[in-house]
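Novice:
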Amino acid sequence: MKVLVVGSGGREHALCWAISRSALCDSLFCAPGNAGIAQVATCVPLNVEDVPAVVQWVKDNAIDFVVVGPEAPLVLGLVDALADEGIKAFGPKAGAAALEGSKGFMKDVLRDAGVPTAWYGRFTDIDSAKAFVREKGAPIVVKTDGLAAGKGVILCQSVAEAEQAIDEMMGDKVFGDAGNELVIEEFLVGEEASFFAIADGETAIALVAAQDHKAVGDGDTGPNTGGMGAYSPAPVFTDAIRDQVMETCILPTVRHMKAIGHPYTGVLFCGLMITANGPKVLEYNVRFGDPECQVLMMRLQSDVLATLLAAAEGRLGDIVLDWSDDTAMVVVMAAEGYPGTYVKGSEIKGLDAANAVDNAIVFHAGTKTGPNGEILANGGRVLGVAARGATVRAAQASAYQAVDALDWPKGFCRRDIGWRAVAREQHGE
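Okay, here's the thing in structure tokens:
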């Protein structure tokens with residue numbers, strides 16, 4: 002098959018890395034890709050949010066299968082447009098991608114499907130939003146309804162903080178039109194986990210869980226980011242919890258989406274809070290997580306392309322997945338200043354040395370090739386330094402050994418990725 006992966010981040014590098022090893026893949030392209038992806042796929046300079054241009058390129062190049070990485074082209078209807086041309090694609094159509102495109106829509110789906118989640122309200126004016134906050138009290142969570150690049154969520158510890166968030170999102174439009182509507186919801190307490198399942202419109206199969214580290218600093222301090230690292234398996238996420246999440250969250254959602262005329266095909270990324278009262282859904286995303294995808298691809302021993310194709314063709318019942326028992330971990334290297342203002346263009350050396358560490362691989366998230374073939378930083382989250390090991394501690398040791406092999410003074414990372422799992426391992430839990 003000729004395969005196109007859409008996207009340019011660490012998630013897409015991991016997908017390309019895994020797909021390139023499939024017996025079904027004859028040639029692999031990625032649009033627009035990055036400097037690391039260029040080592041395993043042919044990069045194509047397309048604007049992935051220009052749906053007609055992507056579809057035209059796919060037709061002109063006789064692509065058999067398209068795997069859509071990021072959420073924006075899904076919400077914009079790329080899969081719909083490809084389907085209209087008879088081209089198979091992995092990812093939901095726009096009506097189903099609204100699960101991520103609109104947090105209000107997603108919360109209504111959870112409510113109507115009977116999925117355990119936080120109580121919430123939807124608001125399109127500032128006064129009623131503030132009245133709801135004053136009625137409910139704090140702590141409370143304020144979210145933009147629309148896409149805000151993973152940043153439109155503020156955890157408010159006081160009513161005043163929540164009112165300020167409402168003013169900024171809806172009044173000052175700090176997230177643009179994403180803040181035209183807000184979702185305000187219960188502050189859930191527990192341990193977060195990311196769980197992934199693949200759906201084919203009728204049913205779904207479980208992938209595995211991962212644990213992400215959102216805060217920029219060690220010890221979960223500082224502002225939230227798109228993710229500073231992840232590991233899988235997540236010890237908090239037992240087999241019993243997995244089965245419970247499939248029965249009470251994933252499958253009811255898939256059945257409900259079909260019932261309302263928007264059958265869900267693709268990966269369902271379920272953000273969960275494991276509370277004292279069991280798992281509750283924080284949110285759904287309609288694509289693989291980044292950096293969680295990296296650790297999933299490192300643990301998956303089955304043919305990923307065969308699995309994604311089965312989902313697109315509605316025959317997931319044929320698929321049984323094989324996972325490594327190893328722990329996989331990824332440590333994100335970010336540009337100095339991230340998640341605030343950061344500078345692009347600094348040179349990254351030592352990549353060969355990092356990739357030479359046993360069981361390690363460096364996934365590129367925000368890189369480009371310079372005029373003399375050098376690798377340059379081209380984003381906020383720039384590299385995902387990943388490793389596998391028989392234990393959490395072994396995976397962690399290899400990942401940081403690879404981090405330390407890099408020569409990039411303008412980059413930084415957290416030094417404690419996996420700390421919860423390491424503590425559990427030490428205590429024999």
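Just so you know, the numbering used here puts the end of the sequence shown at 430, numbered straight through with nothing missing.
Where is the CB? At the ideal position from N, CA and C, for every residue including glycine.
With DSSP as the reference, label T249 as helix, strand or coil.
Specialist: Note: T249 maps to helix in three-state DSSP.
Novice: Evaluate contact between the region 291-300 and the region 52-59, counting only Cβ atoms and requiring at least three cross-stretch pairs below 8 Å.
Specialist: Touching, no, given that fewer than three Cβ pairs across the two stretches are closer than 8 Å.
Novice: Please report how far the alpha carbon of M171 lies from the alpha carbon of G105, in whole angstroms.
Specialist: Spanning the two alpha carbons is a distance of roughly 15 Å.
Novice: Check this for me: beta carbons of T308 and L189, under 7 Å apart or not?
Specialist: Going by C-beta atoms, T308 is not nearer than 7 Å to L189.
Novice: Looking only at DSSP bridge pairs, what is M274 linked to?
Specialist: DSSP lists E193, K281 as partners of M274.
Novice: Give the straight-line distance between the Cα atoms of S347 and N35, rounded to the nearest whole angstrom.
Specialist: If I take the Cα positions, the gap works out to 15 Å.
Novice: Starting from the N-terminal side, write out each stretch of the alpha helix (DSSP H) that is 4 residues or longer and does not extend beyond the region 172-245.
Specialist: DSSP runs (the alpha helix (DSSP H)) wholly in the region 172-245: none.
Novice: Can you find the residues in the same chain that come closer than 8 Å, C-beta to C-beta, to L252, ignoring five residues on each side of it along the sequence?
Specialist: Excluding sequence neighbours, L252 sits near T204, A205.
Novice: Whole angstroms is fine: what's the gap from L156's alpha carbon to R415's?
Specialist: Approximately 22 Å between the Cα atoms of the pair.
Novice: When we look at the beta-carbon of R22 and count the other beta-carbons within 10 Å, is it buried (16 or more) or exposed?
Specialist: Classification for R22: exposed.
Novice: Who are the near neighbours of G65 in its chain, counting only those whose CB is closer than 6 Å to its CB and skipping five residues on each side?
Specialist: According to the sequence displayed, residue 65 carries Asp and not Gly. These residues qualify, in order along the chain: M2, K3.
Novice: I need the boundaries of the beta strand (DSSP E) containing A335, first residue and last residue.
Specialist: A335 -> beta strand (DSSP E) spans 328-336.
Novice: For A32, which three-state DSSP category applies?
Specialist: Looking at A32 - three-state DSSP - the assignment turns out to be strand.
Novice: For T118, is the classification buried or exposed, using 16 other Cβ atoms within 10 angstroms of its Cβ as the cut-off for buried?
Specialist: Answer is buried; the Cβ neighbour count reaches 16.
Novice: Where does R243 land, buried or exposed, given buried means 16+ other C-beta within 10 angstroms?
Specialist: With 16 or more other Cβ atoms within 10 Å, it is buried.
Novice: Based on Cα-Cα distance, which residue from A200, Y265, V305 lies nearest to L25?
Specialist: Considering only alpha carbons, the answer is V305.
Novice: Would DSSP call I349 helix, strand or coil?
Specialist: Note: I349 maps to strand in three-state DSSP.
Novice: By DSSP, does D128 sit in helix, in strand, or in coil?
Specialist: If DSSP states are grouped into helix, strand and coil, D128 belongs with the helices.
Novice: Hey, would you say K94 sits closer than 7 Å to D109, going by beta carbons?
Specialist: No, Cβ-Cβ distance for K94 and D109 is not below 7 Å.
Novice: For G380, which residues of its own chain have a beta-carbon under 6 Å away from its beta-carbon, when the five flanking residues on both sides are left out?
Specialist: These residues qualify, in order along the chain: G367.
Novice: Report the CB separation of I185 from V116 in whole angstroms; it is logged as a contact under 8 Å.
Specialist: Their Cβ separation, rounded to whole angstroms, is 19 Å, which puts I185 and V116 out of contact at 8 Å.
Novice: Spell out a yes or no on whether the region 324-340 and the region 396-405 are touching, meaning 3 or more CB-CB pairs, one atom from each, closer than 8 Å.
Specialist: Short answer: they touch.
Novice: With a cut-off of 8 Å on the beta carbons, I'd call T254 and A114 a contact; round off their distance for me.
Specialist: Going by Cβ atoms, the distance from T254 to A114 rounds to 5 Å, so yes, they are a contact pair.
Novice: If I'm right that G494 touches V332 with Cβ under 8 Å, what's the distance once you round it to whole angstroms?
Specialist: In this structure the chain extends from 2 to 430, so residue 494 is not present and cannot be described.
Novice: Please classify G412: is it buried, with 16 or more other beta-carbons within 10 angstroms of its beta-carbon, or exposed?
Specialist: Under this definition G412 is a buried residue.
Novice: What is the DSSP secondary structure of G412, counted as helix, strand or coil?
Specialist: If DSSP states are grouped into helix, strand and coil, G412 belongs with the strands.
Novice: Take the Cβ of H428 as the centre, count every other Cβ of all protein chains shown within 10 Å, and call the residue buried at 16 or more, exposed below.
Specialist: Looking at its Cβ environment, which holds fewer than 16 other Cβ atoms inside 10 Å, H428 is exposed.
Novice: Going by CA-CA distance only, name the one from D408, G315, I127, A378 that's closest to N356.
Specialist: Here the closest residue by C-alpha is D408.
Novice: Give me the Cβ distance between L83 and V56, rounded to the nearest whole Å; I'm assuming they're in contact under 8 Å.
Specialist: Confirmed, about 6 Å.
Novice: Beta-carbon separation of L377 and V363 under 7 Å?
Specialist: No, Cβ-Cβ distance for L377 and V363 is not below 7 Å.
Novice: Using the Cβ count rule (16 or more neighbours within 10 Å means buried), how would you classify D213?
Specialist: Looking at its Cβ environment, which holds 16 or more other Cβ atoms inside 10 Å, D213 is buried.
Novice: Just confirm the distance between the C-beta atoms of V268 and I199, as a whole number of angstroms; I'd bet it's less than 8 Å.
Specialist: With 8 Å as the limit, V268 and I199 qualify as a contact, their Cβ atoms being about 5 Å apart.
Novice: Identify which residue in G96, V237, P340 has its Cα closest to the Cα of P280.
Specialist: The shortest C-alpha separation from P280 is found at V237.
Novice: Kindly indicate which three-state DSSP category T368 falls into: helix, strand or coil?
Specialist: The answer is strand: DSSP assigns T368 an E or B state.
Novice: Taking DSSP's pairing of strands, which residues face K89 in a bridge?
Specialist: Beta-bridge pairing links K89 to F66.
Novice: Between the alpha carbons of E375 and D323, how many angstroms are there, rounded?
Specialist: Rounded to whole angstroms, E375 to D323 spans 37 Å at the Cα level.
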